[in-house]
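Engineer: Chains as they are written, first to last, in the numbering used here: chain A, 50 to 524; chain B, 50 to 524.
Every residue gets a Cβ at the ideal spot worked out from N, C-alpha and C, and that includes glycine.
2 protein chains.
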Amino acid sequence: MSTRLPVQPSDRFVGRRRALAAALGPRAALVFAGGLRGRNYPANSYPFRADSHFLYLCGAALTDAALLVHDGRCELFVVPAAEDDALWHGEIPSASEVCRTTGVDALRSIHELPAAIASAGGARAVATLPSLDPLTRARQAALLERRWPGGRFPGVDGLDAVDLELADAVIELRLRHDDGALEMIRRAIEGTAAAHLAGMAVTRPGLFEYEVRAAMERELIAREMECAYGSIVTVHGEILHATTHHNRLSNGDLLLADVGGEYQGWASDVTRTWPVGGAFSPTQRALYEIVLAANEAAIAMVRPGVRYRDVHLAAARVLASGLVDEGILRGDPDALVERGAHALLFPHGVGHLLGLDVHDMEDLGDRAGYARGRSRSEQFGLAYLRLDRDLTPGMVVTIEPGLYVVPAILADARLCEPFAQDGSFARERLTRFSDVRGIRIEDDVLCTPTEPVVLSSSIPKTVAAVEAAVARGRV
Amino acid sequence: MSTRLPVQPSDRFVGRRRALAAALGPRAALVFAGGLRGRNYPANSYPFRADSHFLYLCGAALTDAALLVHDGRCELFVVPAAEDDALWHGEIPSASEVCRTTGVDALRSIHELPAAIASAGGARAVATLPSLDPLTRARQAALLERRWPGGRFPGVDGLDAVDLELADAVIELRLRHDDGALEMIRRAIEGTAAAHLAGMAVTRPGLFEYEVRAAMERELIAREMECAYGSIVTVHGEILHATTHHNRLSNGDLLLADVGGEYQGWASDVTRTWPVGGAFSPTQRALYEIVLAANEAAIAMVRPGVRYRDVHLAAARVLASGLVDEGILRGDPDALVERGAHALLFPHGVGHLLGLDVHDMEDLGDRAGYARGRSRSEQFGLAYLRLDRDLTPGMVVTIEPGLYVVPAILADARLCEPFAQDGSFARERLTRFSDVRGIRIEDDVLCTPTEPVVLSSSIPKTVAAVEAAVARGRV
Chain A
50 MSTRLPVQPS DRFVGRRRAL AAALGPRAAL VFAGGLRGRN YPANSYPFRA DSHFLYLCGA
110 ALTDAALLVH DGRCELFVVP AAEDDALWHG EIPSASEVCR TTGVDALRSI HELPAAIASA
170 GGARAVATLP SLDPLTRARQ AALLERRWPG GRFPGVDGLD AVDLELADAV IELRLRHDDG
230 ALEMIRRAIE GTAAAHLAGM AVTRPGLFEY EVRAAMEREL IAREMECAYG SIVTVHGEIL
290 HATTHHNRLS NGDLLLADVG GEYQGWASDV TRTWPVGGAF SPTQRALYEI VLAANEAAIA
350 MVRPGVRYRD VHLAAARVLA SGLVDEGILR GDPDALVERG AHALLFPHGV GHLLGLDVHD
410 MEDLGDRAGY ARGRSRSEQF GLAYLRLDRD LTPGMVVTIE PGLYVVPAIL ADARLCEPFA
470 QDGSFARERL TRFSDVRGIR IEDDVLCTPT EPVVLSSSIP KTVAAVEAAV ARGRV
Chain B
50 MSTRLPVQPS DRFVGRRRAL AAALGPRAAL VFAGGLRGRN YPANSYPFRA DSHFLYLCGA
110 ALTDAALLVH DGRCELFVVP AAEDDALWHG EIPSASEVCR TTGVDALRSI HELPAAIASA
170 GGARAVATLP SLDPLTRARQ AALLERRWPG GRFPGVDGLD AVDLELADAV IELRLRHDDG
230 ALEMIRRAIE GTAAAHLAGM AVTRPGLFEY EVRAAMEREL IAREMECAYG SIVTVHGEIL
290 HATTHHNRLS NGDLLLADVG GEYQGWASDV TRTWPVGGAF SPTQRALYEI VLAANEAAIA
350 MVRPGVRYRD VHLAAARVLA SGLVDEGILR GDPDALVERG AHALLFPHGV GHLLGLDVHD
410 MEDLGDRAGY ARGRSRSEQF GLAYLRLDRD LTPGMVVTIE PGLYVVPAIL ADARLCEPFA
470 QDGSFARERL TRFSDVRGIR IEDDVLCTPT EPVVLSSSIP KTVAAVEAAV ARGRV
């Protein structure tokens, strides 16, 4: 049992539900909140995270609830309180309080849902999106007569046509953030900024990564926030999804911290890379400045009508050009990027949508991230790009170029040989940069009708600002 | 993908697997590690927590792995690394490293599991325990031809006879902790002690509960630990499972903190209650001393052969006796406890098993917590007791009496009237104690052949020690 009412005024949610209803016409939609998920035994659950579509439309985190939007009305179906709920969980909010804070027209028992589905056109006619919680999904499939694969998340390819209509309507809404959404994202980023400043200030040689992580996540918890994703805090920045934090920091290491807070379900996603010893070495600084230039060039392109893949490629060209200057790549940067040479040191995409999810709407797969008619490239590197839409005002995207010396890539002849053979990849030059393993600089950027707005701009980013923030902890 | 190798020597796990094999005879057992579970989209998962039975026997946290114990051998089946695993997750440990650290005889591909099951006697003959992860459980049911209910966790009642044999063998082993287990539990408690000291030191009026929580959990994260369960840090201690932390601390409040760290899967579970203003009021102190006396009396009973329900009832009698002294209950304490009058203010059980799970082996229901032939009482209060076994050396139990003024209980005529009518509950006397909502004092206690050992003894507990620890933060 978990009940958290919205912290924002109900008109935020009423407005979103009206917009959804307008898009769906007479079609009813049923969106589930998901349930608690046991961690090591049924009663010891992971912290409850309501499904993002539910949070978007309702603002409340209510375990096992469902929201029915139909015929100009919105009804919220909840599990009736058990006899001893008040003993274990305290007072349950009244129906009128739930209705007032969420703006729904009625609060009903979940047991009345089958009848409501029947009145809304019947199971096959009511649109829904599969809950990520397998138990909810099984109930949902039974109620709505969906033939989703047992257990496995069906993904967007497994959806019925009516559900795809709902997915598309939700995507249209959630792609462009309203003021309420932006307020929450900004709030999440505030906590994230405090976390990064705390991480920089606490860093010193001899600590373990988990000690820096603790100082950073403390700032999130102290603001009633959670981590939007598993924190990466590592001196092995070349491990892109490092989930362990057991290494000891040494003088001369760079520490890469990809840490973002989540506030009331809304995410932030920021990476900074700073020198453990307080000052970048000349080689670290040289590569850092290249990544920073790519970050700034890409940010400057976050404007309406710009294709996000072009933002990615622009960042890649700045990186390639810098690598040419350092003698690591050789040739014309544009031609190198076209062939994918930059991906040997920048193998991932330059960013993604940000919103209620850190990769916003990734439960809907590339249907959210890719415009109709576009699909993933097969080229190494570009294939990992999660977003290829034309930017529009209200979109928030991350911009996160990086440079990494990844042993698994350098050991892969299929990837390296084409560039080594013709001399465009001067791998031996990398030995000069042996004190760099991974650098990433990631910001959260709002597309507006005019200038891009860097929501994470308060977090130190230039060499001087980062060094000063690390030095502050040593005073 | 998540791979964490054991931090303890492999002979720990070899010994446990041998003991299990000896208990099972020729019967093969297959234990699953469970998988990553998506939080808001498939790739954004909750931190991986391997199933406890797997951790107990293997020491490693390997997503989607399975351990086959059969015929004097132990084989570990793992998912072969994907082509780009090394890119995202770094170097994968070699097969020989996995074998060396876990002590298994062979590392094999999970794709060979069906053949191995066939050689081990066939699907219906191989014993298993249902994974808490629904996707693993569905695969497991298919592989081993179990008829578990789709989705829902089957619980021990839904198990086949061969699986109950395995459950009983595992319970026999895990009930009595070996030296390796005790080493890990002590380590978890060390971090928990630091967390409680930090929480006491940071407390001051005006803070929010989440700020104290942040100071406490920081200490866990900084020791490479996680929370063994959702932290309770609240000025509303009367909400037994408070999961929110948004209240502001006021002078005159008591703060109840039930926070325990988990180290490499091993749990701790400690509660302390301290005054926000630094000093207990006379009324708070009076009730605190009653809870403390119950805590100490119960701890003194943690000896071989003592029935745990008697420990619970002894604590209840000390509480009842103190409540009689304060005029809140009236009559003979023994008779009051027999009728359940104490449960109006102490509605839960005095504790539970502690080990890899904070309620150890609760996935096996009361089969773990209750000795054969014993079952839950139907009396309010006693019905919530999770443990009713005779204590034996090597068991670790929590001892956690408390006193709570729970509105839901006091408003429940069925619970209160029997005691109010005959005058044994002098409810109006509670108004004198209006600055107390909930007090709990919880320790982790090891049963030895001689004296009980309080593993959490370093955490301040007496009125003077708690006040001093809170004062330390104000210097």
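(1) On the premise that H295/A lies in contact with E273/B, defined as a C-beta separation below 8 Å, what is that separation, rounded to the nearest angstrom?
(2) Does any residue of chain A have a CB that is nearer than 8 Å to the CB of Y105/B?
(3) In angstroms with no decimal places, state the Cα-to-Cα distance between A457/A and A420/A.
(4) Quick one: residues in its chain with C-beta nearer than 6 Å to the C-beta of D244/A, no 5 flanking neighbours on either side, listed in chain order?
(5) In chain A, what lies closer than 7 Å to R262/B by C-beta?
(6) Measure the C-alpha to C-alpha separation of R438/A and L54/A and round it to an integer number of angstroms.
(7) Below 8 Å on the Cβ atoms is my guess for T112/B versus G84/B; work out the distance and round it to an integer in Å.
(8) I believe C496/A touches R352/A by the beta-carbon criterion, under 8 Å. Please report the beta-carbon distance rounded to the nearest angstrom.
(9) Please work out which residues of its chain come closer than 8 Å, Cβ to Cβ, to A68/A, disregarding the five sequence neighbours upstream and downstream, and give them in chain order.
(10) If we call anything under 8 Å between Cβ atoms a contact, is G240/B one with A306/B?
(11) If contact means a Cβ-Cβ distance below 7 Å, which residues of the stretch 301-322 of chain A contact chain B?
(12) Checking the sheet assignment: what are the DSSP bridge partners for H119/A?
(13) For the stretch 90-100 of chain B against the stretch 134-146 of chain B, do three or more pairs of beta-carbon atoms, one drawn from each stretch, fall closer than 8 Å, so that the two count as touching?
(14) Could you check if T320/B is buried or exposed, using at least 16 other CB atoms within 10 Å of its CB as the buried criterion?
(15) For V367/A, which residues from the same chain have a beta carbon less than 6 Å from its beta carbon, with the 5 sequence-adjacent residues on both sides left out?
(16) For the stretch 209-222 of chain B, enumerate the residues whose C-beta is nearer than 7 Å to any C-beta of chain A, in chain order.
(17) For D15/B, which residues of its own chain have a beta-carbon under 8 Å away from its beta-carbon, when the five flanking residues on both sides are left out?
(18) Which residue from G121/B, L106/B, A164/B, I490/B puts its Cα closest to that of R76/B?
(19) According to DSSP, is V319/A helix, strand or coil?
(20) Over the uninterrupted alpha helix (DSSP H) stretch that includes I448/A, give me the two end residues.
(21) Touching or not, the stretch 490-505 of chain A and the stretch 458-468 of chain A, by the rule of three or more beta carbon pairs under 8 Å?
(22) Between A390/A and the ligand NAD, is there a pair consisting of the residue's CB and a ligand heavy atom that are separated by less than 7 Å?
(23) Using 8 Å as the limit for Cβ to Cβ distance, is A457/B near chain A?
(24) Which residues does DSSP list as the beta-bridge partners of A230/B?
(25) Buried or exposed for S158/B, please, with buried defined as at least 16 other CB atoms from any protein chain shown within 10 angstroms of its CB.
(26) Is any beta-carbon of chain A found at less than 8 Å from that of S532/B?
(27) Are the C-beta of D113/A and some C-beta of chain B separated by less than 8 Å?
(28) Please report the distance separating the alpha-carbon of W323/A from that of T283/B.
(29) Restricting to runs no shorter than 3 residues, where is the beta strand (DSSP E) found entirely within the stretch 404-482 of chain B?
(30) From L385/B to G314/A, what distance separates their C-alpha atoms?
(31) So, using beta-carbon positions, are D182/A and R86/A closer together than 8 Å?
(32) Are there 16 or more other CB atoms within 10 angstroms of the CB of T499/B, so buried, or fewer, so exposed?
(33) Pair every Cβ in the stretch 461-473 of chain B with every Cβ in the stretch 402-421 of chain B, then say whether three or more of these pairs are closer than 8 Å.
(34) Can you have a look at H160/A and say buried or exposed, based on whether 16 or more other CB atoms are within 10 angstroms of its CB?
(35) Would H295/B pass as an interface residue toward chain A - the criterion being a Cβ-Cβ separation below 8 Å?
(36) What are the boundary residues of the beta strand (DSSP E) that includes G489/B?
Structural biologist: Let me lay it out:
(1) Translated into the one-based positions of the second sequence, residue 273/B becomes position 224. Translated into the one-based positions of the first sequence, residue 295/A becomes position 246. Contact flag correct, Cβ pair sits at about 6 Å.
(2) Translated into positions along the second sequence, residue 105/B becomes position 56. No, Y105/B lies away from the interface with chain A (no Cβ there is under 8 Å from its Cβ).
(3) Numbered from 1 along the first sequence, position 408 holds the residue referred to as residue 457/A. Numbered from 1 along the first sequence, position 371 holds the residue referred to as residue 420/A. Approximately 32 Å between the Cα atoms of the pair.
(4) Your numbering for residue 244/A matches position 195 in the first sequence. Reading off the sequence, residue 244/A comes out as Ala, not Asp. The answer, listed in chain order, is M265, E268, L269, V308.
(5) On the second sequence, residue 262/B is found 213 positions in, with the first residue counted as 1. Simply I270.
(6) Stepping through the first sequence from its first residue, residue 438/A is reached at position 389. Stepping through the first sequence from its first residue, residue 54/A is reached at position 5. Taking the straight line from one Cα to the other gives about 34 Å.
(7) Residue 112/B sits at position 63 when you count from the first residue of the second sequence. Residue 84/B sits at position 35 when you count from the first residue of the second sequence. Indeed, because the Cβ distance is near 5 Å, the residues count as touching under 8 Å.
(8) Taking the first sequence and counting its residues from 1, the one referred to as residue 496/A is at position 447. Taking the first sequence and counting its residues from 1, the one referred to as residue 352/A is at position 303. Indeed, because the Cβ distance is near 7 Å, the residues count as touching under 8 Å.
(9) As a first step, residue 68/A is located in the first sequence; it is residue number 19 there, counting from the start. Contacts found: L222.
(10) Residue 240/B sits at position 191 when you count from the first residue of the second sequence. Residue 306/B sits at position 257 when you count from the first residue of the second sequence. Not a contact, by the Cβ cut-off of 8 Å.
(11) none
(12) Position 70 of the first sequence, counted from the first residue, corresponds to residue 119/A. DSSP lists R122/A as partners of H119/A.
(13) no
(14) Taking the first residue of the second sequence as position 1, residue 320/B is located at position 271. Classification of T320/B: buried, given that the 10 Å Cβ count is 16 or more.
(15) Along the first sequence, read from residue 1 onward, the residue named residue 367/A stands at position 318. Here the set comprises A342, A343, A346.
(16) none
(17) Limits of chain B in this structure are 50 at one end and 524 at the other, which puts residue 15/B out of reach.
(18) Locating residue 76/B in the second sequence gives position 27, counting from the first residue. Per the Cα distances, G121/B.
(19) Counting from one through the first sequence, the residue named residue 319/A turns up at place 270. Strand at V319/A.
(20) As a working mapping, residue 448/A is identified with position 399 in the first sequence. It is not in any alpha helix (DSSP H) - I448/A instead sits in the beta strand (DSSP E) that spans 445-448.
(21) no
(22) For the ligand NAD, the structure offers nothing, since it holds no ligand at all.
(23) On the second sequence, residue 457/B is found 408 positions in, with the first residue counted as 1. Answer yes: the Cβ-Cβ gap between A457/B and chain A drops below 8 Å somewhere.
(24) Working through the second sequence from its first residue, we reach residue 230/B at position 181. Answer is none; A230/B lacks a bridge partner.
(25) On the second sequence, position 109 is the one that residue 158/B refers to. Answer is exposed; the Cβ neighbour count stays below 16.
(26) Any property of residue 532/B remains undetermined from this structure, which presents chain B solely from 50 to 524.
(27) Looking up residue 113/A in the first sequence gives position 64. It does not; no Cβ of chain B falls within 8 Å.
(28) One-based indexing of the first sequence puts residue 323/A at position 274. One-based indexing of the second sequence puts residue 283/B at position 234. The alpha-carbon atoms of W323/A and T283/B are separated by roughly 37 Å.
(29) 445-448, 451-453
(30) The residue given as residue 385/B occupies position 336 in the second sequence. The residue given as residue 314/A occupies position 265 in the first sequence. Rounded to whole angstroms, L385/B to G314/A spans 48 Å at the Cα level.
(31) Along the first sequence, one-based indexing puts residue 182/A at 133. Along the first sequence, one-based indexing puts residue 86/A at 37. Contact: yes.
(32) Position 450 of the second sequence holds residue 499/B. By the neighbour-count rule (16 or more Cβ atoms within 10 Å), T499/B is not buried but exposed.
(33) Three or more beta-carbon pairs separated by less than 8 Å are not found between the stretch 461-473 of chain B and the stretch 402-421 of chain B, which leaves the two stretches without contact.
(34) Taking the first sequence and counting its residues from 1, the one referred to as residue 160/A is at position 111. Per the 10 Å Cβ criterion, exposed.
(35) Stepping through the second sequence from its first residue, residue 295/B is reached at position 246. Yes, contact with chain A.
(36) Numbered from 1 along the second sequence, position 440 holds the residue referred to as residue 489/B. The question names Gly, yet the displayed sequence has Arg at residue 489/B. Unbroken beta strand (DSSP E) run through R489/B: 487-489.
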